[in-house]
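Presented below is the structure to which this report refers.
Numbering (the working numbering), first residue to last: 1266 to 1425.
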């Protein structure tokens, strides 16, 4: 994590605790996650207790405390998506990528996340890929989506 980049994010915001969420968003955007070192620096520069920063960063789903893959696949498992086939989608992603929700592939290319709702219940089952929504997903469509993000990745299993 580049101290210069973090310093530029904090520039003009020091001693302004009300800037916390904006600073966390900027750190997340530039680094892909919020490290413990970044939280300590933010705490010192904004004058916000470290425990408060950790509380905010761990509460909001938009923030990650560990590195995520280049491609983040988020699966909705809420009621509407569940009854429309979220479980087979989750099975497809975990078997194709070889990781469980919350984990990142060893090559750092994919992270699978599951959430209770993505706010598009009428179009379920919903999957997002790096924030882009894909509606009415099926295991086959998901397999193709993952393959399109990294065509040379070998497929382990298919659940059509």
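Even glycine gets a Cβ: it sits at the ideal position worked out from N, Cα and C.
Counting C-beta atoms within 10 angstroms of its own C-beta, residue 1381 has fewer than 16 neighbours from the protein chains shown and is therefore classed as exposed. Annotation for residue 1295: the continuous alpha helix (DSSP H) segment containing it runs 1285-1296.
Taking a cut-off of 8 Å on C-beta distances, the region 1305-1324 does not touch the region 1338-1354, as fewer than three cross pairs fall below it.
Of the residues assessed, residue 1409 falls on the exposed side of the cut-off, its CB having fewer than 16 other CB atoms within 10 angstroms. Listed in chain order, the non-local C-beta contacts of residue 1390 below 6 Å within the same chain comprise 1346, 1349, 1350, 1351, 1354, 1402, local neighbours out to five positions each way being set aside. In the DSSP assignment, residue 1381 forms no beta bridge with any residue.
Rounded to the nearest whole angstrom, the CA to CA distance from residue 1340 to residue 1320 is 24 Å. Just so you know, the alpha carbons of residue 1327 and residue 1285 end up roughly 14 Å apart. In the three-state DSSP reduction, residue 1398 falls in the strand class (E or B). Take the alpha-carbon of residue 1377 and the one of residue 1273: they are about 31 Å apart.
Along the length of the region 1336-1384, whole beta strand (DSSP E) runs at least 3 residues long occupy 1336-1341, 1375-1380, reported in chain order. Annotation for residue 1385: 1391, 1398, 1400 place their beta carbon closer than 7 Å to its own, counting only its chain and skipping 5 residues before and after. Annotation for residue 1301: the continuous alpha helix (DSSP H) segment containing it runs 1301-1311. Considering only 1298, 1388, 1335, the residue with the shortest C-alpha distance to residue 1325 is 1298.
Our two residues, residue 1271 and residue 1334, have alpha carbons roughly 21 Å apart in a direct line. By the Cβ neighbour-count rule, residue 1303 is buried, with 16 or more other Cβ atoms within 10 Å of its own.
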